[in-house]
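Take a look at the structure below.
Chains as they are written, first to last, in my numbering: chain L, 3 to 340; chain G, 39 to 183; chain R, 22 to 535.
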């Protein structure tokens, strides 16, 4: 019975590796123990960050606007932070999946999430495991105004046409996620105009715009940046920025069309897990702030129709908490929250 | 009556009942089909198919009952896999992987030490230099870290 | 004429030494990614993206384009040699490729797979260059209803995969659909069947599940039986003659068209196309009963189709900035990173880049053919390794590939769970392909069904009032009952030939035996 002999060999291998594993655990413990005796302040001075690769986690599929931002920040941030930065796509569930992933990682600053306006809208919905309070805010990076898309041969030439039509028939507007910022601004538009839209969630704004172009859907609420690659193929009725956007001067703003309350921006920024040390957050902020001064970054911002949205950690956090109060109210009105 | 198939059918039905109860936790949705709609439909079909299977099974002969030819090797292999998982993070990928490969080849009765060791070492080195160093695949370093 | 001129200019850029080197390097690395179970074109392009930052935009795209083509082909190598598809797109190839290897015809299967892939890739590229506008228009005509009906049609392929194990086949298919509902629900953000495990919120990742079902269960079977019944013939690397190849041209052509068409649809990828094509080839065949036993048609159909999705997936990407596949989505990131905004304006602003990319796809397919041809002997020589070494390597690659999907151990665990599930199902003679197919299409079915009902003015009628959707529903019904119809035909034919009813029935039952 040769085979029996090898069971014993195997058992030996198991036992050996267990012993080695035990030693490994001990070693790690030794490394950490002297630090426990030090005061927090001493420890703070010693923070060497970053010493290993950083991962930027994004909830969008590769190629989506926020993913492109993450990839460019990763590329430029590698120079300013001095470590490799990779981008990880965690797609789905209205963005909560990327945040769930963040929460499974240690609060050491090596897992940075890209986040956007949606953090205060979707995450407070019933059943969501994490809220905006479970994160720290590193830097707000850019703003991308909302835009209302219809097909290029659509009977709705202006926002006015569109809203008039909505009074007499059911109009379906699609966009990213349920209870998302796009969902909220669409709801607000309907409320201000005295109509009710039916919201159809899609996996991405691009999907919704494709459905509009194909005549399957009346309109899509997405961001103006998506227009850059579809100019001439689709019509934008209005954009939510304060002034008209440089690369699409033909598109009027909601404000000039009589809806100043809809002047709001979809913002994008970087966040980390709550409990990440302040020093590390500051270092991340400094690194990415510097990256945003790179000429390549400026060029990208210009060509993609993004607006600079820089805010430092404390101001960023303040803005998010203020927005959260407002969104909570709207979500309750929409019946998404109790 | 094929006993093995019957066991599997019953397991499917038990799991279906469990999952069906789980669907009652799903939230209400104002729309044509809610989050529980599709799962419930599928569970019904699954139960129905398994009942049909059990019914058909009555008249079948258990001519070649399912048996594992060398159970100890499957058990040893399973243990090896579980051990690999358990030590993956603490020992690190580049320590457990060659050990696992060597043990697995031994288990599969490859009796050429030079081949066994070179296969394990070359595989690990290729992963280290190409995937870890070049492509920055974040494999856990464990002991080596 | 202008198009030709532009293309020639593109070829000029490709035919510099940097250009050729970039494409060849992409093809070479792509083959390695495709070979490895768990790593595919998407993870390959994504992992390689940072490498291309310092390169000029054109060179970077040539490299990534070559990688995309080759990775989509190379999944078939392990599918044929080990019965373990290297990429989801090669899952259908294993059905006939692996039995061919067992018969000692690995070389033939590998050559046919390479040949079909190259032809599929070239035809798809011609489609992309000549018909980009119409392809995009077609993609736009697909709304939720159309996608649902298409997915339903895809699911009917199960009917041809279950063979004699009719009920068992449908049980595993429904199980697959049920598994695909695990995770966050897009319409309410509620995490279904996740039992508080956050890693499951995004659902069961498809790649580890497939690697588990095929690779790990195969390795476990090897472990149990020490690879008994494995025959590696001395002529394993024989390459088929031109006469045999010529017979396959019809199948390759049809399925290159099918693949090119499906590739342009965002939301349908090579992993779906390969099954649709396998089904088509079996349905149109004069000897459907031979599929699954190891025939070259069963390799040619999925392989021509899955590589044909590659080029056309770039059509909506270049025209509208909407990627036609997961891999194309990563390529979109590459374009924007290099300061190129896809869309109608790209053709005016940077025609050199666009046409170099288009021209390079022709070159990439040809280089893939050459490198792949020299590879065949190498792959078949690996088969001479002891089964124990191969099994250990299958485990090694499967662990690496599963970890590489999301860089987390949970995917390795999911892979192993599916491996043991697959092993048990195999033991009790449940067929596995229906489960894999259901996992590919499950999400598409539910998501689009619900969305279609939301945008419908007349409820479920939307599926029959939209012409394209209706076409796919009719195809689905035909496909579902095709085995029955084929049986009736066989009985009639047998009767005409003067056989008794018993003989005829015997022939039919042989048709459905494995």
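Glycine included, every Cβ here is placed at the ideal spot set by N, Cα and C.
Contact of residue 175 of chain L with chain R is not assigned, every C-beta pair being separated by 7 angstroms or more. Shown in chain order are the members of the stretch 356-374 of chain R whose Cβ falls below 7 angstroms from a Cβ of chain L: 357, 358, 360, 362, 363, 364, 365 and 366. The three-state reading of DSSP puts residue 302 of chain L in helix, counting H, G and I together. In this structure residue 381 of chain R touches residue 83 of chain R by the C-beta definition: roughly 4 angstroms separates them, less than 8 angstroms. Of all residues in the stretch 196-226 of chain R, the ones placed with a Cβ closer than 9 angstroms to any Cβ belonging to chain L are 204, 205, 206, 207, 208, 209, 210, 211, 212, 217, 219, 220, 222, 223 and 224, in chain order. Distance from residue 76 of chain R to residue 202 of chain L at the Cβ level is roughly 41 angstroms; contact not present, criterion being Cβ atoms closer than 8 angstroms.
When Cβ-Cβ separations below 7 angstroms define contact, residue 471 of chain R makes contact with chain G. Where residue 123 of chain G is concerned, the enclosing alpha helix (DSSP H) starts and stops at 109-129. The Cβ of residue 163 of chain G sits no closer than 7 angstroms to any Cβ of chain R. Annotation: Cβ neighbours of residue 430 of chain R in chain G (cutoff 9 angstroms, chain order): 123, 126, 127 and 178. Between residue 292 of chain R and residue 110 of chain R, the gap from beta carbon to beta carbon is short of 7 angstroms. For the set R:446, R:504, R:518 and R:228, the Cα lying nearest the Cα of residue 238 of chain R is the one of R:446. Among the residues facing chain L, residue 466 of chain R is not included, as its CB has no counterpart in that chain under 7 angstroms away. In the DSSP assignment, residue 144 of chain L forms a beta bridge with L:270 and L:310.
Per DSSP, the unbroken alpha helix (DSSP H) holding residue 142 of chain R starts and ends at 127-161. In this structure the stretch 111-126 of chain G does not touch the stretch 205-225 of chain R; the number of beta carbon pairs closer than 8 angstroms is below three. The way I'd put it, the stretch 131-139 of chain L doesn't touch the stretch 228-239 of chain L; fewer than three beta-carbon pairs between them come closer than 8 angstroms. Between the alpha carbons of residue 418 of chain R and residue 84 of chain L lies a gap of roughly 32 angstroms. Comparing alpha carbon positions, the residue from L:212, L:217 and L:222 closest to residue 189 of chain L is L:222. Burial check for residue 159 of chain G: the Cβ neighbour count within 10 Å stays below 16, so the residue is exposed. Excluding the 5 residues flanking it on each side, residue 62 of chain L has same chain C-beta neighbours closer than 6 angstroms at 68 and 69, in chain order. At a C-beta separation below 8 angstroms, residue 163 of chain R has these neighbours in chain L: 216.
The Cβ atoms of residue 98 of chain R and residue 56 of chain R sit closer than 7 angstroms to each other. Counting only Cβ-Cβ distances below 9 angstroms, residue 287 of chain R has contacts in chain L at 208, 209 and 212, in chain order. Bounds of any beta strand (DSSP E) do not take in residue 189 of chain L; it lies within the alpha helix (DSSP H) bounded by 183-195. Against chain G, a Cβ distance below 9 angstroms from residue 413 of chain R picks out 138, 139, 140, 141, 142, 143, 145, 146, 148, 154, 157, 158 and 161.
At a cut-off of 7 angstroms between beta-carbon atoms, residue 39 of chain G makes no contact with chain R. Runs of the beta strand (DSSP E) lying entirely within the stretch 191-251 of chain L, each at least 3 residues long, are 199-204, 221-225 and 236-241 in chain order. Per the coordinates, the alpha-carbon of residue 344 of chain R lies some 32 angstroms from the alpha-carbon of residue 440 of chain R. Annotation: Cβ neighbours of residue 83 of chain G in chain R (cutoff 7 angstroms, chain order): 195. Under the DSSP definition of a beta bridge, residue 149 of chain L partners with L:224 and L:241. Identification of chain R residues near residue 74 of chain L by a Cβ-Cβ cut-off of 9 angstroms yields 357 and 358, ordered along the chain. Think of a sphere of 7 angstroms around the beta carbon of residue 245 of chain R: the chain G residues whose beta carbon falls inside it are 106, 107, 108, 111 and 112, in chain order. Rounded to whole angstroms, the gap between the alpha carbons of residue 471 of chain R and residue 177 of chain R is 20 angstroms.
Residue pairing from DSSP places residue 57 of chain L in a beta bridge opposite L:88 and L:113.
For the pair residue 174 of chain R and residue 497 of chain R, the CB atoms are nearer than the 7 angstroms cut-off.
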